[in-house]
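Have a look at the structure below, then the notes.
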Amino acid sequence: MSYRENYEKWLNSPALSADEKAELEAIKNDEKEIESRFFDQLSFGTAGLRGTMGVGLYRMNVHVIRHATQAFAQVILEEGPEAVKRGVAVCFDCRNNSDTFAREAACVMAGNGIPVRLFESLRPTPELSFAVREYGCIAGINVTASHNPKEYNGYKVYWEDGAQLPPKHADEVAKKMKELDVFDCVKTMDYDKAVAEGKIVLMGAETDEKFLANVMEQVNDTAVVEKMADTFKMVYTPFHGTGYKLIPEALKRLGMKHVICVPEQMVIDGDFPTVVSPNPENPEGFYLAVDLAKKNNADFILGSDPDADRVGIMVRTKDDDFVVISGNQTGVLLLDYLIGAKRRTGKMPEKPVALKTIVTTEMARKVAEVNGLQCYDTFTGFKFLAQKKDQLENSGEGNVIMSYEESYGYMLGDYVRDKDAVSASVELTEMAAWYASQGMTLYDALQALFEKYGYYGEKTLNLVMPGLDGLKKMADLMANLREKPPVEIAGVAVKEQKDYKDGSVVNVADGCKSTMELSGSNVLRYEMADGTSLIVRPSGTEPKVKVYILANGVTKAECDEKVAKYAAWAETLKG
10 MSYRENYEKW LNSPALSADE KAELEAIKND EKEIESRFFD QLSFGTAGLR GTMGVGLYRM
70 NVHVIRHATQ AFAQVILEEG PEAVKRGVAV CFDCRNNSDT FAREAACVMA GNGIPVRLFE
130 SLRPTPELSF AVREYGCIAG INVTASHNPK EYNGYKVYWE DGAQLPPKHA DEVAKKMKEL
190 DVFDCVKTMD YDKAVAEGKI VLMGAETDEK FLANVMEQVN DTAVVEKMAD TFKMVYTPFH
250 GTGYKLIPEA LKRLGMKHVI CVPEQMVIDG DFPTVVSPNP ENPEGFYLAV DLAKKNNADF
310 ILGSDPDADR VGIMVRTKDD DFVVISGNQT GVLLLDYLIG AKRRTGKMPE KPVALKTIVT
370 TEMARKVAEV NGLQCYDTFT GFKFLAQKKD QLENSGEGNV IMSYEESYGY MLGDYVRDKD
430 AVSASVELTE MAAWYASQGM TLYDALQALF EKYGYYGEKT LNLVMPGLDG LKKMADLMAN
490 LREKPPVEIA GVAVKEQKDY KDGSVVNVAD GCKSTMELSG SNVLRYEMAD GTSLIVRPSG
550 TEPKVKVYIL ANGVTKAECD EKVAKYAAWA ETLKG
């Protein structure tokens, strides 16, 4: 069906409300806008759906949510009656329409005879992962667009292990969405009727308590918190999102007496009025927190993204200024701290392991190995980290003490299979208090780690390729790099060319070929003669190609120079 036919079909559908029809009427003379809304349906990937909100096939709205949920319901129904009986957990964040979308998803599941556990109000993403595992559900749905701008919303799907949907099931949902009509196929039921009949059961404080009990089990050194509680001050912001309740509560249970919350950002608001982007990766979002920290003489700032699965920190330096500690560096600090704290308190398991993704700093591997831990890489995404954790632990090969990726995601403990800002906030705070007891801020601690393990520097470049031709440009870039693999980049020889699509490794000097453990992902990696790793990876959810630079050196200056040189090369890939 052409985009024009799709437009007409939607415009004439009795499923649309008067307001929705008016929105479509308003664009009837704007061919480009019609095309952008109806040229295709939003693609359902392993992370589910994500897109800007609005009426249309290529937008996030109740019709697209119902359509995706119907497809997902059919995948569950095909698992058989025992699986169906286990039901589905549904969660949502602070974004505009998230509560409506979650309720619609719950009603479609109920309409298909699949029982639902729906959170009564917004909750952190990791609590959904926990609920799936805790209540033995077959699957989970979370309505969130994480840290994307306010125009976006998303639909994440989870399987019975509490991790995001495996590729096999995601492909099955995508296939069914292509087969099913967006309007006619949907089976749904009235929300109040579903609740009255017990087909939708609401979750609330009782689930929070179970979740928090698990979070608090991650604490290693209560003695140091008690010692520092009277003097240690910190600032917290949830960026208008779901961390507003459970993170301050968890920090209180940790024993922290001076947690100063940013009042303007404790207000739940899907428009994120105080920030351009509600992403802890963007330091400018912390301006209110920095003012508050300076006013209250706090050394440590913590911020969770709107769905509270990522957490970012800022710390005071000797010059009395606040600096961002990157996701890579935060993970290294936390890994090094956990190794020390678990050994100090007798909590280190047998065969301890650290997990990271292929685009996460190599400094984590150095920290792990120097301290006698194994360190494994996985593809980007916590479902792969969760998979590796389960594989290692079920086979008795190792026990994972921490999994992380560079984009501010950390997974601790056994009760979730996704990144979790709640437990990470607790452990980062415990760590900051421990260093404070040594007379150090986390900035000092990071410098000490560089002295101990060597200097590492990372940079991620986002080569944005918007519009209808963006996807083609992304595909062409990857095809060209495969067709003519570079033997030199920025004047430095490429030592090894690695292609994670087929798992191949080529030694450039002699053309010798070998294979690596990981394969099946559209990612290219170049190991350079100067020790730098360069990774090129198209985003699965946004119109951009990411280039990751992982450098190291004897000094910070050497590191910075390498990063700058390769960043200039990355910019040339835009074409």
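Just add 9 to the spot in the sequence shown (first one is 1) and you have our numbering.
Just so it is clear, CB atoms sit at the ideal spot from N, CA and C, and this is done for glycine as well.
Relative to the C-alpha of residue i, which candidate in the options has its C-alpha closest?
| i | options | result |
| --- | --- | --- |
| lysine 196 | Asn157, Ala115, Pro361, Asn306 | Ala115 |
| asparagine 305 | Val320, Asn288, Val271 | Val271 |
| tyrosine 1 | Ser22, Ala566, Leu543 | Nothing about residue 1 can be read from this structure; the chain reaches only from 10 to 584. |
| glycine 540 | Glu415, Ser513, Ala518, Val563 | Val563 |
| leucine 66 | Ala56, Gly96, Leu343, Glu29 | Glu29 |
| proline 282 | Asp308, Gly250, Leu260 | Gly250 |
| cysteine 146 | Leu486, Phe309, Lys185, Glu91 | Glu91 |
| glutamate 258 | Pro289, Leu486, Ala222 | Ala222 |
| glycine 520 | Phe331, Pro494, Tyr16, Gly264 | Pro494 |
| aspartate 427 | Glu169, Glu290, Gly213, Pro158 | Glu169 |
| isoleucine 74 | Thr153, Ala302, Cys568 | Thr153 |
| valine 425 | Leu533, Arg353, Lys41, Phe220 | Phe220 |
| aspartate 190 | Ala350, Asn408, Met10, Asp453 | Met10 |
| alanine 183 | Val556, Asp201, Tyr164 | Tyr164 |
| tyrosine 253 | Asp318, Glu160, Lys208 | Asp318 |
On the three-state DSSP scale, how would you describe residue i?
| i | result |
| --- | --- |
| arginine 319 | strand |
| methionine 5 | One cannot answer for residue 5 here, as it falls past the ends of the chain, which runs 10 to 584. |
| threonine 153 | coil |
| asparagine 15 | helix |
| valine 191 | coil |
| alanine 98 | strand |
| leucine 470 | strand |
| serine 52 | coil |
| histidine 76 | helix |
| glutamine 506 | strand |
| methionine 275 | helix |
| isoleucine 209 | strand |
| valine 228 | coil |
| threonine 450 | coil |
Note down the Cα distance separating residue i from residue j, rounded to an integer number of angstroms.
| i | j | result |
| --- | --- | --- |
| aspartate 429 | aspartate 217 | 14 Å |
| lysine 94 | glutamate 439 | 41 Å |
| leucine 472 | phenylalanine 128 | 37 Å |
| phenylalanine 110 | alanine 56 | 17 Å |
| alanine 27 | methionine 118 | 26 Å |
| alanine 24 | lysine 18 | 11 Å |
| serine 404 | tyrosine 509 | 25 Å |
| glycine 638 | glutamate 88 | Residue 638 is absent from the structure shown; the chain starts at 10 and stops at 584. |
| aspartate 39 | asparagine 70 | 20 Å |
| glycine 312 | arginine 59 | 23 Å |
| glutamate 8 | arginine 546 | The chain is shown from 10 up to 584; residue 8 falls before or after that span and cannot be answered. |
| glutamate 235 | valine 244 | 18 Å |
| glutamate 570 | lysine 397 | 35 Å |
| valine 84 | valine 501 | 50 Å |
| isoleucine 498 | leucine 490 | 12 Å |
| arginine 46 | serine 22 | 16 Å |
| alanine 560 | glycine 122 | 53 Å |
| lysine 583 | methionine 357 | 46 Å |
| glutamate 34 | lysine 565 | 58 Å |
| arginine 132 | glutamate 436 | 20 Å |
| cysteine 568 | cysteine 384 | 23 Å |
Measuring from the CB of residue i, is there a heavy atom of the ligand GDP at a distance below 7 Å?
| i | result |
| --- | --- |
| histidine 156 | As presented, the structure is devoid of all ligands, the ligand GDP included, so that no description of it is given. |
Give the C-beta separation of residue i and residue j to the nearest angstrom, bearing in mind that I take them to be a contact with Cβ-Cβ under 8 Å.
| i | j | result |
| --- | --- | --- |
| tyrosine 12 | phenylalanine 53 | Contact flag wrong, Cβ pair sits at about 19 Å. |
| lysine 522 | serine 513 | 6 Å |
| proline 315 | serine 155 | 7 Å |
| leucine 342 | leucine 260 | The Cβ separation is near 18 Å, so there is no contact. |
| isoleucine 150 | valine 97 | 6 Å |
| glycine 294 | tyrosine 417 | The pair is not a contact, with the Cβ atoms about 12 Å apart (cut-off 8 Å). |
| leucine 347 | valine 362 | Contact doesn't hold; Cβ gap of about 12 Å is too wide. |
| valine 224 | alanine 442 | Incorrect: roughly 17 Å between the Cβ atoms, too far for contact. |
Is residue i close to chain D, meaning its C-beta is less than 8 Å from at least one C-beta of that chain?
| i | result |
| --- | --- |
| valine 166 | No chain D appears in this structure, which consists of one protein chain only. |
So, does the segment 546–557 touch the segment 473–480, judging by three or more C-beta pairs under 8 Å?
By the Cβ test, the segment 546–557 is in contact with the segment 473–480, since at least three Cβ pairs between them sit closer than 8 Å.
Check whether the segment 358–376 touches the segment 390–400, taking contact to mean three or more Cβ pairs, one atom from each stretch, closer than 8 Å.
yes
Is it true that the segment 161–176 meets the segment 452–469, where meeting means three or more beta-carbon pairs spaced less than 8 Å apart?
Taking 8 Å as the limit for Cβ pairs, the verdict is that the segment 452–469 does not touch the segment 161–176.
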